[in-house]
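In this note's numbering, the protein residues as written are 1141 to 1364.
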């Protein structure tokens, strides 16, 4: 690990050595080979291990590597160029706005970046104070700048706006169900054939009348 993000204003991303990227937030660690990318009007502060923290300004792509911290010069000291110190000292002597001295093109910053300007100015004033340089009236402003810097350090990272969900594609209209075929009409049952009329029973033949018994012949009279 090289450092930790301790303050973030606006939106920033980190691109890893494998090509993937994601949004940065306070507390994230940066490793050698990572690339820190700040958007417009954004800035962040990185606190290296055992070194002075530094600010990454807006619209910046910064490759994190050992050379950033291996030269023996801290990132803050790198910011304290003769031109920057001269601009701050001139503002102290003239009573001008010290923050404007950092926003001047010659001081190495773009106008309007007050978010990281407060952090940067507070650290520069502290460094000048440690060097024994009289800050004059700026000492009364130093506590205010430090308070703003602490507030920026604890400012929560705004959550990215969720991407709108794509509208669902309309499903295909269902095909109409085929109309059922009409059932065939049942064939009419055949009418039953009439039963044949029974043949009349033949009348019984009359029994023949019995022949009359012949009258018995009279017995002959006996002869006298």
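Each residue gets a CB set at the ideal place from its N, CA and C atoms; glycine is no exception.
- The Cβ atoms of residue 1202 and residue 1175 lie closer than 8 Å to each other.
- In the DSSP annotation of this structure, the continuous segment of the beta strand (DSSP E) that includes residue 1188 starts and ends at 1183–1188.
- Cβ-Cβ distances below 6 Å link residue 1361 to nothing in the same chain once the five nearest sequence neighbours on each side are left out.
- In the three-state reduction of the DSSP assignment, residue 1201 falls in the strand class, which pools E and B.
- Here residue 1352 has no same chain residue with a Cβ atom under 7 Å from its own Cβ, once five neighbours each way along the sequence are excluded.
- Per DSSP, reduced to three states, the secondary structure at residue 1169 is strand.
- CA-CA distance, residue 1355 to residue 1339, rounds to 46 Å.
- Beta-bridge partners of residue 1142 (DSSP): none assigned.
- Per DSSP, residue 1194 is one residue of the beta strand (DSSP E) stretching across 1194–1196.
- In the same chain as residue 1205, and ignoring 5 residues on each side of it, the C-beta atoms closer than 6 Å to its own belong to 1172, in chain order.
- In terms of CA proximity to residue 1197, 1184 leads the group 1190, 1184, 1169.
- Only exposed fits residue 1157, as fewer than 16 other CB atoms lie within 10 angstroms of its CB.
- Close CB contacts of residue 1200 within its chain, under the 6 Å cut and outside five residues either way in sequence, are with 1178 (chain order).
- Sequence-distant partners of residue 1345 (beyond 5 residues in either direction) whose C-beta falls short of 8 Å from its own C-beta are missing from its chain.
- Following the DSSP letters along the chain, one finds residue 1153 inside the beta strand (DSSP E) bounded by residues 1152–1155.
- Cβ-Cβ separation between residue 1149 and residue 1182: approximately 6 Å, consistent with a contact (criterion under 8 Å).
- Rounded to the nearest angstrom, the Cβ distance from residue 1164 to residue 1145 is 6 Å, consistent with a contact under 8 Å.
- Within 10 angstroms of the beta-carbon of residue 1143 lie 16 or more other beta-carbons, which makes it buried.
- Buried is the label assigned to residue 1193, since at least 16 other Cβ atoms lie within 10 Å of its Cβ.
- In this model, residue 1330 and residue 1341 are separated by some 32 Å (Cα to Cα).
- For residue 1178, the enclosing beta strand (DSSP E) starts and ends at 1175–1178.
- Sequence-distant partners of residue 1154 (beyond 5 residues in either direction) whose C-beta falls short of 6 Å from its own C-beta, in its chain, are 1164, 1174, 1176.
- Taking a 10 Å sphere around the C-beta of residue 1152, we find 16 or more other C-beta atoms and assign the residue as buried.
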